[in-house]
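Enquirer:
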Amino acid sequence: MSWTQPAYNQYQFHVELSNICNAACPICPRYWAGSKITRPGLMPTSISEKQFKEWFPPDIMSNRVDRMMLCGNQGDPFAAKDIIGILDYCASVLPSNRQLVTHSNGGLRSEEVWREAGNILQGNEKWYMWFSIDGLEDTNHLYRRNVNWDKLMRNATAFIEAGGTAYWDFLVFKHNEHQIEDVKKLAKEMGFKNVRIKNPDGLVWDNKIQKRGVYDGNGELEYYIEVADDPQYINAPIGMERNLEDPTPSVGRPPEKWEDLYTEDHYKQYQWHRINCKSLKKTGSEIMIQCDGTVMPCCYIGELWTSGRQDDAKRQLVNMWDMENLDLTKNGFDHIMNYLDSTIMNSWKFSTYQEGKCMYCAKICGDNSPIDRLIHTKAGPGHDKISI
Ligand code: SF4
Ligand code: SF4
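Taking the working numbering, the leading residue of the sequence shown gets 1, the next gets one more, and so forth.
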């Protein structure tokens with residue numbers, strides 16, 4: 001198994017079209033510690049239609065793509081000004097039996113733009129949109145801060161009426177767990193194909209379930225969010241203790257240089273875990289392309305890379321990689337896949353971190369992976385009957 005072996009040579013590209021966003025979700029790595037302060041060092045960047053066509057020429061799109069996913073860790077694809085041109089290009093060169101999947105909070109751009117997107121994607125159920133909507137009018141904004149409900153509803157309606165296939169992606173917290181059935185009802189009435197119920201990540205640290213502070217533009221606490229009461233919607237090992245203390249009243253301003261921030265994580269407990277990579281699959285290997293052209297082996301490492309967290313796992317990767325080799329503006333995919341094989345994949349043969357085993361891979365894709373508990377229900381093609 002490797003990123004270059006032919007059996008895995010069909011890729012599930014995950015492209016971050018932009019690191020710009022209208023929203024300020026409390027767990028988003030775009031922001032400092034749950035505040036509305038953009039993280040230091042973030043250079044607002046979007047992929048243009050011209051760049052996209054250079055990075056994904058027609059022969060790659062025709063022969064190497066199992067799935068093209070437009071999403072990202074720190075921005076919304078609809079913040080890219082060329083989103084319509086890029087969707088149009090994908091629809092014109094991607095074989096119709098390959099997936100074209102876009103994620104959005106739905107709060108950006110006009111109804112006309114969404115109608116155009118619906119028009120481009122209509123007629124193929126493998127080409128669809130995930131709308132990230134965490135509740136209803138009175139709750140969605142508690143996580144998707146700054147998303148205007150009426151605009152979101154108008155945009156989603158325009159997309160669906162134009163023939164686009166839409167799915168509703170719903171993160172369940174304590175403040176919206178009572179709305180699951182009402183969300184399914186509304187989704188059905190609006191013409192969504194299905195609702196995916198997801199258990200949120202980012203509410204567990206120090207081996208406890210935590211209340212997560214939501215901070216304003218000065219880093220002062222506004223309110224907090226927490227896991228659902230119903231244990232089936234909690235992304236934590238069964239029986240994990242809860243920290244009942246309220247979050248810190250202030251996170252202040254971030255350090256001047258992000259590099260100065262070092263946080264400890266408890267990687268030791270994962271050292272002996274067997275790694276089962278979630279990226280390398282017979283059905284297509286996921287590769288993440290960030291908006292500056294940096295290629296990452298998966299979105300989990302992509303998130304670590306861009307979040308600014310400076311922990312031991314990040315330091316290990318910084319020492320492992322010469323980033324020139326992962327730069328799509330300088331290398332083709334074949335070179336990059338070879339480089340991933342010889343670095344991160346090679347690290348999995350070691351037993352210990354000291355020898356070189358990748359710490360982040362052991363945490364994310366080892367036994368007892370927190371990622372395996374994220375998706376509560378499956379939705380999307382093949383799972384259409386599950387939810388609504
Ligand atoms: S919608 Fe996505 S990119 Fe935007 S703030 Fe929320 S999590 Fe971050
Ligand atoms: S964290 Fe490592 S093992 Fe897991 S998907 Fe990413 S590259 Fe693969």
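Glycine included, each C-beta is placed from N, C-alpha and C at the ideal position.
Taking 6 Å as the cut-off, is the CB of tyrosine 339 close to at least one heavy atom of ligand 2?
Expert: The answer is no for tyrosine 339.
Enquirer: Quick check on leucine 171: does DSSP put it in helix, strand or coil?
Expert: In the structure shown, leucine 171 sits in a strand (DSSP, three-state: E or B).
Enquirer: Consult DSSP for leucine 221 and reduce its assignment to one of helix, strand or coil.
Expert: Three-state DSSP puts leucine 221 in a strand.
Enquirer: Using only the alpha-carbon positions, how far apart do isoleucine 336 and alanine 236 sit?
Expert: Cα to Cα, the separation comes out at about 35 Å.
Enquirer: Within a Cβ cutoff of 7 Å, which residues of the same chain sit near threonine 139, ignoring the five residues on either side of it in sequence?
Expert: Cβ neighbours of threonine 139 beyond the five flanking positions: His175, Asn176, Gln179.
Enquirer: State whether the stretch 292-309 contacts the stretch 61-79, with contact taken as three or more CB pairs (one from each stretch) at a distance under 8 Å.
Expert: Taking 8 Å as the limit for Cβ pairs, the verdict is that the stretch 61-79 does touch the stretch 292-309.
Enquirer: Quick check: alanine 79 and leucine 108, are their CB atoms within less than 7 Å of each other?
Expert: Yes. Within cutoff.
Enquirer: State the start and end residues of the unbroken beta strand (DSSP E) segment that holds valine 15.
Expert: Run containing valine 15: 11-16, per the beta strand (DSSP E) assignment.
Enquirer: Does the separation of the CB atoms of methionine 288 and glycine 302 fall below 7 Å?
Expert: A contact, by the Cβ cut-off of 7 Å.
Enquirer: For alanine 158, collect the residues of the same chain with a Cβ closer than 7 Å to its Cβ; drop the 5 residues on either side in sequence, then sort them by chain order.
Expert: Cβ within range, chain order: Glu111, Trp114, Arg115, Gly118.
Enquirer: Near aspartate 216, which residues of its chain fall below 8 Å by C-beta distance, leaving aside the five closest residues on each side in sequence?
Expert: Here the set comprises Ser35, Lys36, Glu222.
Enquirer: Would DSSP call histidine 273 helix, strand or coil?
Expert: It is coil, neither helix nor strand.
Enquirer: Mind checking asparagine 319: buried by the 16 CB within 10 Å criterion, or exposed?
Expert: Per the 10 Å Cβ criterion, exposed.
Enquirer: Which value, in whole angstroms, describes the spacing of the CA atoms of cysteine 299 and leucine 244?
Expert: Whole-angstrom Cα-Cα distance: 31 Å.
Enquirer: With distances taken Cα to Cα, identify the nearest neighbour of asparagine 9 among Ala23, Arg30, Met61, Gln51.
Expert: With distances taken between Cα atoms, asparagine 9 lies closest to Met61.
Enquirer: Could you check what DSSP says for cysteine 365 in three-state terms: helix, strand or coil?
Expert: Looking at cysteine 365 - three-state DSSP - the assignment turns out to be helix.
Enquirer: Could you check if isoleucine 160 is buried or exposed, using at least 16 other CB atoms within 10 Å of its CB as the buried criterion?
Expert: That one is buried.
Enquirer: With a threshold of 6 Å (Cβ to nearest heavy atom), would aspartate 322 be considered close to ligand 1?
Expert: No.
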